[in-house]
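If you read the sequence shown in the working numbering, its first letter stands for residue 83, the second for the next number, and so on.
The beta-carbon is built from N, C-alpha and C at its ideal position, and this holds for glycine as well.
On a predicted model such as this, the values are computed, not experimentally measured, just so you know.
The block underneath contains the structure these notes are about, expressed in structure tokens.
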Amino acid sequence: MHRTILASLLAAAMLLSGCGRPKDAAVQPAGSENGSPQSEPEQEVMKMESTENVIYLAGGCFWGIEQLMQSIPGVIDAKSGYANGSGEADANYPTVCTGKTGFRETVRVEYDPEQVSLDALLLAYFYVIDPTVENRQGNDVGTQYQTGVYYTNDTAKETVERIAEIERSRSRLFKVEIGPLVNFYPAEEYHQDYLEKNPDGYCHIPLAEMKLFSSLRIDPGDYQKPAAEAIRDKLTSEQYRVTQQNGTERPFANEFWNQFEKGIYVDVVTGEPLFSSTDKFESGCGWPAFSKPIEEPAVVELPDDSHGMHRTEVRSRSGDSHLGHVFTGDPESPNGVRYCINSASLRFVPYAKMEAEGYGYLLDLFEE
Numbered sequence: 083m084h085r086t087i088l089a090s091l092l093a094a095a096m097l098l099s100g101c102g103r104p105k106d107a108a109v110q111p112a113g114s115e116n117g118s119p120q121s122e123p124e125q126e127v128m129k130m131e132s133t134e135n136v137i138y139l140a141g142g143c144f145w146g147i148e149q150l151m152q153s154i155p156g157v158i159d160a161k162s163g164y165a166n167g168s169g170e171a172d173a174n175y176p177t178v179c180t181g182k183t184g185f186r187e188t189v190r191v192e193y194d195p196e197q198v199s200l201d202a203l204l205l206a207y208f209y210v211i212d213p214t215v216e217n218r219q220g221n222d223v224g225t226q227y228q229t230g231v232y233y234t235n236d237t238a239k240e241t242v243e244r245i246a247e248i249e250r251s252r253s254r255l256f257k258v259e260i261g262p263l264v265n266f267y268p269a270e271e272y273h274q275d276y277l278e279k280n281p282d283g284y285c286h287i288p289l290a291e292m293k294l295f296s297s298l299r300i301d302p303g304d305y306q307k308p309a310a311e312a313i314r315d316k317l318t319s320e321q322y323r324v325t326q327q328n329g330t331e332r333p334f335a336n337e338f339w340n341q342f343e344k345g346i347y348v349d350v351v352t353g354e355p356l357f358s359s360t361d362k363f364e365s366g367c368g369w370p371a372f373s374k375p376i377e378e379p380a381v382v383e384l385p386d387d388s389h390g391m392h393r394t395e396v397r398s399r400s401g402d403s404h405l406g407h408v409f410t411g412d413p414e415s416p417n418g419v420r421y422c423i424n425s426a427s428l429r430f431v432p433y434a435k436m437e438a439e440g441y442g443y444l445l446d447l448f449e450e
């Protein structure tokens, strides 16, 4: 879980503050006189062909997930709708809100794989949801707010299941539905692009988290986690102990604790860029210390109560490598934050070799 979800409000308060009908939207009847669903827009199931570059994401109120996906470069279209429910006759907002249809508020995301990977979309999704709760996200409670990731082809299935396995390992509970798309019906027109049309409208995803994904350059799909056997073969015994078994190396006796050469530090397992020398500072802790990662979503922060202490663990996004811990209130840090990272979790790429090793897109980190 990437952020703490506040305790639930009373049900009445949720209905007032949660994802619902805009004040200026007319109430639409559940069906016409002959029993067919009212069309706003026409409720047609999406064609179930094997669409390579489409994924369906249920993450609570669809307004927020739609806006999140639209903010990510490379997303072609994001459409709010209802997925995996009882059928076309029930695919309308008033009926779905009864909680008896099985429909999930879902966003159909079409993307350009040349610009953004499915890995990136899924990890952005998991960054903003709470995967540990069932039938709830933020202030919104009901079966229609159940989280889920639904795929339409085997290629997407492999990626979804691989990312879900990583996310399961990070959560004490994992309540996200993972499976094939059964059906999908576009939601009424007043739900489409809701936050674009109503910038001050309700959203259960904090604006600050939305902004994180509008200008990301590091695509986790380029740095996928290898198979377990390949990881063991690649790493030294110390690197394996630290990254895969949550170990800690000795302070003041590791490779990078007092190194300040110009360059970037990448995940030793996947090569994903994590930290820059521009954010490294001298610290008395005995391990490499950074004030921030290159991009905030590149690392995952989890509660850690091991060894009788209350700390925040830091892991890599794609590789799920144990990196170290993050602390606040450090007087030696320029912003008071200290990412205390094991050298064994990192590989250093000198500035002069960044272009040759495929990291040229990050050279501007060092521009004055």
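- Sixteen is the threshold: when 16 or more other Cβ atoms of the shown chains lie within 10 Å of the Cβ of Gln226, as they do, the residue is buried.
- Straight through space, the alpha carbons of Tyr267 and Gly329 are spaced by roughly 48 Å.
- The beta carbons of Asp349 and Ser398 sit closer together than 7 Å.
- The Cβ atoms of Ser162 and His273 sit closer than 7 Å to each other.
- A distance below 6 Å between beta-carbons, with the five flanking residues on each side excluded, links Ile248 to the following residues of its chain, in chain order: Asp402.
- For Glu249, the uninterrupted alpha helix (DSSP H) run begins and ends at Asp236 to Arg252, by DSSP.
- Secondary structure in the region 154-200: the alpha helix (DSSP H) runs of 4 residues or longer, each lying completely within the stretch, are 175-178 in chain order.
- By the criterion of at least three beta-carbon pairs nearer than 8 Å, the region 194-206 is in contact with the region 290-305.
- Between Thr394 and Asp387 the beta-carbon gap is near 10 Å, outside 8 Å, which marks them as no contact.
- With distances taken between CA atoms, Gly141 lies nearest to Val223 out of Lys182, Val223 and Glu134.
- Counting of Cβ neighbours within 10 angstroms places Leu150 among the buried residues, the total reaching 16 or more.
- Within 10 angstroms of the beta-carbon of Met292 lie 16 or more other beta-carbons, which makes it buried.
- Ala165 and Ala310 have their C-alpha atoms some 34 Å from each other.
- As the crow flies, the alpha-carbon of Leu294 is around 12 Å from that of Ile376.
- Boundaries of the beta strand (DSSP E) harbouring Tyr138: Val136 to Ala140, taken from the DSSP string.
- Annotation: the continuous alpha helix (DSSP H) that includes Asp315 extends over Ala310 to Lys316.
- With the rule of 3 Cβ pairs closer than 8 Å, the region 254-261 does not count as touching the region 275-282.
- Taking C-alpha positions only, Glu170 is separated from Gln228 by approximately 19 Å.
- In the three-state reduction of the DSSP assignment, Phe295 falls in the coil class.
- If you look at Tyr267, you'll find it in the beta strand (DSSP E) that goes Phe266 to Pro268.
- Rounded to the nearest angstrom, the gap between the Cα atoms of Arg420 and Phe409 is 5 Å.
- Put simply, of Ser251, Tyr284 and Ile245 the residue whose alpha carbon is nearest the alpha carbon of Lys307 is Ile245.
- Relative to the Cα of Pro432, the nearest Cα in the group Asn424, Leu444 and Cys422 belongs to Leu444.
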